[in-house]
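Protein chains in written order, with our numbering: chain A, 8 to 357; chain B, 8 to 357.
This is how it looks when you write it as structure tokens:
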């Protein structure tokens, strides 16, 4: 008997109640209940089993047009999910099918099937579709390999080293023969990155002397910096970039809660000057826009690495849709350890 | 009879006398005379006919290690040159040969031949080896085509639009079917860019409302921004960059004389945020390091465009080595109109 509060009759939804200024608080969200949606002809009714919580969601809470439209006030928070088909009026899906969907922060949703990817639960742990075999995995794989172009023997640095993306970036770089230096928050995460993930070193970003530690750990400079945090980690990285370094720009989590630009001086020209004299490539990417078409190639490679034990993957599971808000606020503070996933409904495979 | 002060007996040299703080002044340079150097076995004696003056030289005057070592105090200023072989102790070169060399700011130099490229003066105007067929040409060609990857119909923006590099970037972009918007200093240059070079528009960077003018001229946003100036031109460009825009980073002439970073706020994270959400590639390059091996491909294409009248090329000739300092200081202020070349010695082709 499962202790989750998902019911068969009502649809709990977490809405965006107001836009945060700075870090989001519980007041920015609202839990409401409504009736289950009804699928039209050609649609399926989906029950959310797992909800993915990811840093990009903070950007959707702002009113500014980013790479995607903001969530409207009183609209359901967006999010990737792993769902089961409860009712099907679409010939391509049967009741019980596991799918990766964009169901959002709620118990039930409907889809016409166009955005769904079926999961073979005999091959793949369904929740992995939100992480190592889903968006974060594709992000790590494409950002590192297509933009970062690491060569064996080069030094790769990645922050949020035990997070959903960073842990995979570092492990793929190790598979490619690179030296990998991670940066993470606290001794436990750093220990895990070295002992379990096989990084060559992992530094605590809370250390006062991070710049010195990083310079020591990267004695030959930095060839690829996979950027997912920004802020003082990037400040420490910038002077160590080697000629022809590559900086795939995947996220800037340290900046997401900022309400104003930092005080001066204005280092924008200094960054551009560094890119110029060191011939650095810095390239932003949005994984499904840029690399969605290469998902099959990624899936094949990652499946194989997983099955051979070359990739370790850690999930941080939180039970209950009602706990999503607290978990998400913690994610932005680095409180999770591994890919953050909310178990919304019973996940028995039968 | 030529009025240049080049003699057959002495070697005038312009040395770096002191390092500038801010814009260079005449006092940072020193004109000295010494005896002509003597080529050893395997070497040639070169007489400088043309000296190239280029913005990158400002960087070499600083003590900071940039992409190349700084010029030492009391050392001859570095620079590309077109020379004639005066005396040869190298079987590969004959007296009278025209070559592109790195002769520096002086009348005579010696070389073992390894850094020399012969010019067929029956095909090519020798001074073009310092511009449209030399380093600036290769810079424009590779930065635009290899990093910028412009597609027909896209909007390309380039500053210093009548300069050695910018004028070629815009014309190559036109050949590739792009819409080209230039930015230049003053009405005369802007007029030239539109009427002679065929740009679709050219804006005066002295205008107060440059951001508005640029937004109007780039109604469909900016797909490629070839960056060679930085500063307030980039400030105007940044908000107009389209998703997946490319920014080849070739120079930052507006910053070269800066002695300190601008006042805040610190926009470094804002630049990275823009690159991220718009999926922009910004990539610095140093042309001979990155693309020297592709010189033949470039030469063939550019030769053909020149011979077909598809590329216009304007030189700004200054007579006399002794006038190099004033000309160089003016270059950093945008006083030249076309590729700045100093005629150091007689250039009769016989």
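The beta-carbon is built from N, C-alpha and C at its ideal position, and this holds for glycine as well.
Any chain A beta carbon closer than 8 Å to residue i
{"i": "residue 296(B)", "result": "yes"}
{"i": "residue 28(B)", "result": "no"}
{"i": "residue 290(B)", "result": "yes"}
{"i": "residue 240(B)", "result": "no"}
{"i": "residue 275(B)", "result": "yes"}
{"i": "residue 8(B)", "result": "Per-residue confidence for residue 8(B) stands at a pLDDT of 46, beneath the threshold of 50, marking its modelled position as unreliable; the derived number appears in the next sentence. No, residue 8(B) lies away from the interface with chain A (no Cβ there is under 8 Å from its Cβ)."}
{"i": "residue 237(B)", "result": "yes"}
{"i": "residue 283(B)", "result": "yes"}
{"i": "residue 62(B)", "result": "no"}
{"i": "residue 269(B)", "result": "yes"}
Chain B within 8 Å of residue i, Cβ atoms only
{"i": "residue 256(A)", "result": "yes"}
{"i": "residue 279(A)", "result": "yes"}
{"i": "residue 138(A)", "result": "no"}
{"i": "residue 286(A)", "result": "yes"}
{"i": "residue 293(A)", "result": "yes"}
{"i": "residue 430(A)", "result": "A query on residue 430(A) cannot be resolved here, the shown segment of chain A reaching from 8 to 357 and no further."}
{"i": "residue 272(A)", "result": "yes"}
{"i": "residue 262(A)", "result": "yes"}
{"i": "residue 38(A)", "result": "no"}
{"i": "residue 259(A)", "result": "yes"}
Closest residue to residue i among the options (Cα-Cα distance)
{"i": "residue 322(B)", "options": "140(B), 249(B) and 262(B)", "result": "140(B)"}
{"i": "residue 33(A)", "options": "232(A), 23(A), 64(A) and 245(A)", "result": "23(A)"}
{"i": "residue 250(B)", "options": "269(A), 293(A) and 311(A)", "result": "293(A)"}
{"i": "residue 200(A)", "options": "164(A), 335(A) and 222(A)", "result": "164(A)"}
{"i": "residue 205(A)", "options": "101(A), 319(A) and 282(A)", "result": "319(A)"}
{"i": "residue 161(A)", "options": "143(A), 295(A) and 180(A)", "result": "180(A)"}
{"i": "residue 150(A)", "options": "173(A), 131(A) and 130(A)", "result": "173(A)"}
{"i": "residue 68(B)", "options": "232(B), 264(B) and 156(B)", "result": "264(B)"}
{"i": "residue 16(A)", "options": "300(A), 52(A) and 26(A)", "result": "52(A)"}
{"i": "residue 195(B)", "options": "63(B), 29(B), 168(B) and 91(B)", "result": "168(B)"}
{"i": "residue 103(B)", "options": "110(B), 109(B), 112(B) and 89(B)", "result": "89(B)"}
{"i": "residue 332(B)", "options": "112(B), 40(B), 77(B) and 92(B)", "result": "112(B)"}
{"i": "residue 107(A)", "options": "75(A), 158(A), 70(A) and 54(A)", "result": "54(A)"}
{"i": "residue 214(B)", "options": "197(B), 207(B) and 225(B)", "result": "197(B)"}
{"i": "residue 337(A)", "options": "170(A), 306(A), 223(A) and 148(A)", "result": "170(A)"}
{"i": "residue 116(A)", "options": "312(A), 295(A) and 91(A)", "result": "91(A)"}
C-beta contact flag for residue i and residue j at 8 Å
{"i": "residue 227(B)", "j": "residue 252(B)", "result": "no"}
{"i": "residue 137(A)", "j": "residue 87(A)", "result": "yes"}
{"i": "residue 97(B)", "j": "residue 119(B)", "result": "yes"}
{"i": "residue 349(A)", "j": "residue 57(A)", "result": "yes"}
{"i": "residue 271(A)", "j": "residue 242(B)", "result": "no"}
{"i": "residue 155(A)", "j": "residue 233(A)", "result": "yes"}
{"i": "residue 133(A)", "j": "residue 105(A)", "result": "yes"}
{"i": "residue 18(B)", "j": "residue 43(B)", "result": "yes"}
{"i": "residue 221(B)", "j": "residue 248(B)", "result": "no"}
{"i": "residue 261(B)", "j": "residue 291(B)", "result": "no"}
{"i": "residue 64(A)", "j": "residue 85(A)", "result": "yes"}
{"i": "residue 219(B)", "j": "residue 28(B)", "result": "no"}
{"i": "residue 159(A)", "j": "residue 183(A)", "result": "yes"}
{"i": "residue 12(B)", "j": "residue 327(B)", "result": "yes"}
{"i": "residue 148(B)", "j": "residue 305(B)", "result": "yes"}
Exposed unless 16 or more other CB atoms sit within 10 angstroms - verdict on residue i
{"i": "residue 21(B)", "result": "buried"}
{"i": "residue 146(A)", "result": "buried"}
{"i": "residue 61(B)", "result": "buried"}
{"i": "residue 127(A)", "result": "exposed"}
{"i": "residue 178(B)", "result": "buried"}
{"i": "residue 235(A)", "result": "buried"}
{"i": "residue 114(A)", "result": "buried"}
{"i": "residue 202(B)", "result": "exposed"}
{"i": "residue 130(B)", "result": "exposed"}
{"i": "residue 8(B)", "result": "Only weak support exists for where residue 8(B) lies, its pLDDT of 46 falling under 50; the coordinates are left without a value."}
{"i": "residue 14(B)", "result": "exposed"}
{"i": "residue 79(A)", "result": "exposed"}
{"i": "residue 303(A)", "result": "exposed"}
{"i": "residue 316(A)", "result": "exposed"}
Chain-ordered neighbours of residue i on chain C, where CB pairs are closer than 9 Å
{"i": "residue 145(B)", "result": "Among the protein chains of the structure shown, namely A and B, there is no chain C."}
Pairing CB atoms from the stretch 249-262 of chain B with CB atoms from the stretch 279-299 of chain A, are three or more of them under 8 Å?
In this structure the stretch 249-262 of chain B touches the stretch 279-299 of chain A; the number of beta carbon pairs closer than 8 Å is three or more.
The stretch 272-285 of chain A / the stretch 172-192 of chain A touching (three or more Cβ pairs under 8 Å)
Under the three-pair Cβ rule at 8 Å, the stretch 272-285 of chain A does not count as touching the stretch 172-192 of chain A.
contact_flag[the stretch 339-356 of chain A, the stretch 41-48 of chain B] where n(CB pairs < 8 Å) is 3 or more
Cβ pair count under 8 Å is below three, so no.
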